[in-house]
Amino acid sequence: MCRETGCGLLLDVTNLWLNSRRHGYDALAFLESLPLDSVVQLHFVGVEQRGGEWIDSHGRRTSPEIWELFEAVVQRAPVKAAILERDKDLPPFADVLDEIDMAARLGREAGRWD
8 MCRETGCGLL LDVTNLWLNS RRHGYDALAF LESLPLDSVV QLHFVGVEQR GGEWIDSHGR
68 RTSPEIWELF EAVVQRAPVK AAILERDKDL PPFADVLDEI DMAARLGREA GRWD
């Protein structure tokens, strides 16, 4: 569809990581199967375990595993923006800014944005 229409993709990095754990596949291998030249925006949040299952938590810090996958994506895809979503258990704003700064640093190091 992306090739036919020229539209870009929003990739939910956290859900990619979660689904790889739930369904037993390698997130990086799956990433390589995507049309990476179409991935222009990322979404990321923290994760937590509930009842023994990992879920995306819009109230937790982004974990190191998600950051590793985020970095892998920005190194491979022409990402133009990233969205950190927090809609519960809001931390001090400085903590949110730390995560935004991390995303910006990873994007800059990959040469995606200034």
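Each residue of the sequence shown is one higher than the one before, counting from 8 in the working numbering. We treat Cβ as the ideally placed atom computed from N, Cα and C, and that holds for glycine. Remember, it's a predicted structure, so these values are computed and weren't measured experimentally.
Can you have a look at GLU12 and say buried or exposed, based on whether 16 or more other CB atoms are within 10 angstroms of its CB?
Going by the sequence as given, residue 12 is Thr instead of Glu. Under this definition THR12 is an exposed residue.
Burial state of SER40, where buried means 16 or more other Cβ atoms lie within 10 Å
exposed
Using CA atoms only, rank isn't needed, just tell me which of GLY58, ASP121, GLY53 is closest to LEU97.
Between LEU97 and the set GLY58, ASP121, GLY53, the nearest pair of CA atoms involves GLY53.
Compare the C-alpha of ASP102 against each of ARG68, ASN22, LEU49 and name the closest.
ARG68
If you count every other CB in all the chains shown that lies within 10 Å of the CB of TRP24, and 16 or more means buried, which is it?
buried
Who are GLY53's beta bridge partners in DSSP?
SER64
Mapping the DSSP letters down to three states, classify VAL20 as helix, strand or coil.
helix
Going by alpha carbons, who is nearest to TRP120 out of LEU104, ARG93, ALA84?
For TRP120, the closest of LEU104, ARG93, ALA84 by C-alpha to C-alpha distance is ALA84.
What's the gap between the Cα of LEU107 and the Cα of ASP19?
Note that residue 107 is Ile in the sequence shown here, rather than Leu. The straight-line gap separating the alpha-carbon atoms of ILE107 and ASP19 is approximately 16 Å.
Per DSSP, what kind of secondary structure is LEU97 in: helix, strand or coil?
It is coil, neither helix nor strand.
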